[in-house]
Every structure is written in C-alpha cells, then in structure tokens.
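Residue numbers (the numbering used here): 1 to 350. By construction, the Cβ of each residue, glycine as well, lies at the ideal position given by its N, Cα and C atoms.
Right, dumping it as structure tokens:
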C-alpha cells in the first residue's frame, strides 16, 4: 500500500504504509514529518517506533532528526491513527504568540523565553512551534529553522516558506551565520583563552529503574579520534566580571560565538574548561546552583543574544539582537551594562 504525502490519515492502520516525500516536505525532520501524518498517536510512541527501527527511510534505519529529501520512501509500521486523540495522546497545544524581533513573508524571529521547549518530544507535550501553529491556524507553513535548549532564552527563527527554511538551514550548515550568546560562568575566565576546539560526543544516562525508556541524553568532550567524535568550535570573549552581593565568588560574563551547532555545545565546552554556566542543571554543580537561587539566580544564564544571516528573500545581511530578559538583566552591574552596549557586532567571518 503506497500513499502520497498529503493524503488524509485513516482512523486505523493495521498494515505497513509507505509514504513518498514530496517537495513540500523535503528538508523536514523525520519526527516533525511523522507528527503531521500520525495525528492521534502519542508523541512518545512516535519516538519509540523511530528508536526501535520500525520507521525507515529508503529501507534504512533513521533518527528523529534525520532530514527528508524529495522522493524518499518512509516506511511506517502498523499503528492506530485515530480521528480523535486516543486516550493518553498528547492534547492540542495551547495557542501562544511570542515576542517578535522580526516578521515578514519569509520568516518569524522570536525572543524565546527560558523554560519553553522549541518543540514537543519525549517528556514534553508541546513547544514553541506547536503553540505558534495553534495560534495561527491559517498559516500554511511554519517550521523551526534551528533549535535552542529549553532553558536557553533568546533569538529563534521560524520559516514561513519551504524556500526560506531550506535557504536558512543551508546557511547554518555552511557556517554562514553569526551566532553569539551571553553566558555567565563560574570563576574568572582567562582573557587569553579565546578558542575552544574540543570534539564532542552524545551518550545516554542509565535508564530510570523500572522504566523502558532510555536515559536522558548528555554530551561530553572526547578525543578527536573517538568513533562518535564531532568537531565543535567555540569562540569566547570576556565582557567583564561580577560578584553577587552576599556571595563573594567571581563570575564572568562571556560573549560566546559558536562556529558549529552541536547539541549542548556551549554548556559542555565551558563546563569542561572548569567554568560551568551559572544555573546549568545538567553540566553545572547542583549544590552551587541551589545556593545561587537565594541570590536571585533562578535559571541557567545562557541567552541567544545576536544572530546575523542573509535574508532568504532579499539576500541582504540581517542582524538581530535580543536583549537580556529582566531576570538576567537584574544581575548586571553598571559596568557590564556598558560593556554590552559597546560590544561590537561580529560578522560571519569573525
């Protein structure tokens, strides 16, 4: 049985299906593709059938983040696809708009708050993209261009056209964008330490006792000849330092520009250098983070501050900036505020 993308899902499917990817779905992640064509199936089940190898692209195993191309044949195992959400299925995401930095016919640039996932997945019912789609039911196309960690705030791009998505993702992949984050880290960062070039590899923590789900994903620094090594390049510039009243320890404010977009890259690179990001619950110090809460640090201090890219429609160089949110701005001293105001905008070639 063979279906062309765009056909309406049946109320129940008891046999293997093969879906052929068309122009409109080309470039989409496998998980997002399945969410659209397996409505009524819990997202946890979608990820489970991907991990188990039951979902295949051109007869080969695939990952949730695998990108689809025109003509790809996607194999789906027998699953129930109810017209109404089945018991336990993910409820519809609540409509929500987010602070806008830019919007035109090609894209939306939002200032994502901390604590909001960019998309639904394991353990998360919905994220920014699902909420935007609910808030804009007449939008024909809304897709994430890139991703931010749930606890990271700042600039996030959403494409409104397939052509814009492809053009922008090409720029991210070819390192033609300029991505600068603000991070407050433990200790005094050495001003002469400007380049971090350590390979990274993903791994899973042990599963929770009694659970059939895999453990949480983590990333670590590995040798360049490690079989899972991915090169990661991070540039660091010190903007200044501070000590929170009543704490006394030195903290450094860094402008961090990434030349590769690896999972948790900034967090792992800074932590492995001995300067974990303040409030980082995965790679920081748990007791230290808890102690900092009484000084007003309630979240991880990592913010996607500036982004430069070539506009997918006009080709003009576009520069965006998302100022620190109030809870992070409150930690800044007058000298650090001045340093932020005077910080030069990097180019894609810096």
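Residue i, DSSP secondary structure in three states
| i | result |
| --- | --- |
| residue 158 | strand |
| residue 112 | strand |
| residue 416 | Because residue 416 is not part of the residues shown, which for the chain are 1 to 350, the question remains open. |
| residue 289 | helix |
| residue 2 | Summary for residue 2: the model assigns pLDDT 42, below 50, so the residue's position carries little reliability; its value from the coordinates is reported in the next sentence. DSSP places residue 2 in strand when its eight states are reduced to three. |
| residue 193 | coil |
| residue 59 | coil |
| residue 181 | strand |
| residue 93 | coil |
| residue 73 | strand |
| residue 48 | helix |
| residue 18 | strand |
| residue 167 | helix |
| residue 24 | helix |
| residue 332 | coil |
| residue 175 | coil |
Integer-rounded CB distance, given that residue j should sit under 8 Å from residue i
| i | j | result |
| --- | --- | --- |
| residue 351 | residue 268 | Since the first residue shown for the chain is 1 and the last is 350, residue 351 is missing from the structure and cannot be characterised. |
| residue 365 | residue 155 | Coverage of the chain is limited to positions 1 through 350, which leaves residue 365 absent and any answer about it impossible. |
| residue 127 | residue 117 | 4 Å |
| residue 182 | residue 234 | The pair is not a contact, with the Cβ atoms about 14 Å apart (cut-off 8 Å). |
| residue 229 | residue 272 | 14 Å between Cβ atoms; not a contact. |
| residue 171 | residue 32 | Wrong, their Cβ atoms sit about 20 Å apart, outside the cutoff. |
8 Å Cβ cutoff, residue i in contact with chain C
| i | result |
| --- | --- |
| residue 124 | In the structure shown, chain C cannot be found, because there is only a single protein chain. |
Residue i, enclosing beta strand (DSSP E) - first and last residue
| i | result |
| --- | --- |
| residue 251 | 251-258 |
| residue 219 | 217-222 |
| residue 270 | Counting along the chain, residue 270 falls outside any beta strand (DSSP E), though it belongs to the alpha helix (DSSP H) covering 265-272. |
| residue 201 | 199-204 |
| residue 237 | 233-242 |
| residue 130 | Note, residue 130: premise wrong, no beta strand (DSSP E); alpha helix (DSSP H) at 128-135. |
| residue 54 | Where residue 54 is concerned, there is no enclosing beta strand (DSSP E), given that its DSSP letter is neither H nor E. |
| residue 103 | 100-103 |
Beta-bridge partners of residue i, as assigned by DSSP
| i | result |
| --- | --- |
| residue 310 | 317 |
| residue 153 | 303 |
| residue 341 | None, per the DSSP bridge assignment. |
| residue 186 | 251 |
| residue 107 | 159 |
| residue 67 | 29 |
| residue 121 | 124 |
Residue from the options whose Cα sits closest to the Cα of residue i
| i | options | result |
| --- | --- | --- |
| residue 173 | 197, 319, 261 | 261 |
| residue 133 | 290, 119, 183 | 119 |
| residue 417 | 229, 254, 246 | In the structure displayed, the chain extends from 1 to 350; residue 417 sits before or after that span and is not available. |
| residue 189 | 249, 332, 207, 217 | 249 |
| residue 65 | 94, 27, 137 | 27 |
| residue 62 | 50, 136, 115, 114 | 50 |
| residue 356 | 270, 277, 21 | Absent from the model: residue 356. The displayed extent of the chain is 1 to 350, so no value can be given. |
| residue 167 | 313, 317, 345, 343 | 313 |
| residue 165 | 215, 23, 324 | 23 |
| residue 207 | 200, 199, 216, 329 | 216 |
| residue 105 | 284, 302, 161 | 161 |
| residue 367 | 32, 202, 45, 170 | The structure shown does not extend to residue 367, since the chain spans only 1 to 350, so no value can be given for it. |
| residue 264 | 241, 242, 232, 236 | 232 |
| residue 328 | 278, 195, 228 | 278 |
| residue 141 | 43, 222, 36 | 36 |
| residue 345 | 200, 257, 230 | 257 |
| residue 218 | 97, 74, 282, 318 | 282 |
First through last residue of the alpha helix (DSSP H) which encompasses residue i
| i | result |
| --- | --- |
| residue 328 | 326-329 |
| residue 30 | 30-37 |
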